[in-house]
Amino acid sequence: MGYCLFNNVAAAARYVQKHLSLPKVMILDFDVHHGNGTCEIFDTDPSVLVLDVHEESAVYLEYGSGVDDAGRGEGGGFTINVPLPRGAGHASVLKVWDDIVAPAAERFRPDLILVSAGFDAHEDDPFQLLCYRTETYGELASRLCALATRLCGECHPAYVCGWFLARV
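Residue numbers for the sequence shown follow my numbering, so the first one is 3 and each next one is one higher.
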């Protein structure tokens, strides 16, 4: 499932839980594609909160948008999918941050926040599906570091995946 052969963010989450004694991990995925593989891996796991903000179009979502997928069993409520309409843009994703991402993180209180971000949501991407501006990524990074510092004690940004880096 998904576009990656290996799910590096899922592997990182399990690694830090097992080897670094960080039991509660939040994964934030914000790009065009639904992170269905990540959602499935942690579907029944209450120790990992998966927040996935993606474009709602069926063009890229062979497995659905996940809007009804909130986890199962003990993991129920620990998967939050937010499909955005095509062209949603800067203000929409920042509203999602304010209304959904930050409050969910505050409730969950993670020990670590991992990010799975593709840059194919940029307005200059050839498909222009979400139309985020370069400033959108800067604002999300700033908010993310502030949140991580508040909840986890520090912020260590690292880039591990993504598409379309020409403008970001």
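Positions of the beta carbon are idealized from the N, C-alpha and C atoms, including for glycine.
*Go to L24, then tell me how far its alpha helix (DSSP H) extends in each direction, as first and last residue.*
Residue 24 sits at position 22 when you count from the first residue of the sequence shown. Looking at the DSSP string, L24 is not in any alpha helix (DSSP H), and its letter there is neither H nor E.
*Specify, as a first and last residue, the run of the alpha helix (DSSP H) that S144 falls within.*
Here residue 144 is taken as the residue at index 142 of the sequence shown, counted from 1. S144 -> alpha helix (DSSP H) spans T136 to C154.
*According to DSSP, is L96 helix, strand or coil?*
Here residue 96 is taken as the residue at index 94 of the sequence shown, counted from 1. DSSP places L96 in helix when its eight states are reduced to three.
*asked:* Taking DSSP's pairing of strands, which residues face S118 in a bridge?
replied: Here residue 118 is taken as the residue at index 116 of the sequence shown, counted from 1. The partner list for S118 (beta bridge, DSSP) reads D31.
*By DSSP, does T40 sit in helix, in strand, or in coil?*
In the sequence shown, the residue the question calls residue 40 occupies position 38. Reduced to three states, the DSSP call for T40 is helix.
*To the nearest angstrom, report how far apart L142 and G75 are at their CA atoms.*
By one-based count along the sequence shown, residue 142 stands at place 140. By one-based count along the sequence shown, residue 75 stands at place 73. If I take the Cα positions, the gap works out to 31 Å.
_Using the three-state DSSP reduction, which class does D54 fall into: helix, strand or coil?_
Working through the sequence shown from its first residue, we reach residue 54 at position 52. D54: strand per DSSP, three-state reduction.
*Three-way DSSP call (helix, strand, coil) for P105 in this model*: Within the sequence shown, the letter at position 103 stands for residue 105. If DSSP states are grouped into helix, strand and coil, P105 belongs with the helices.
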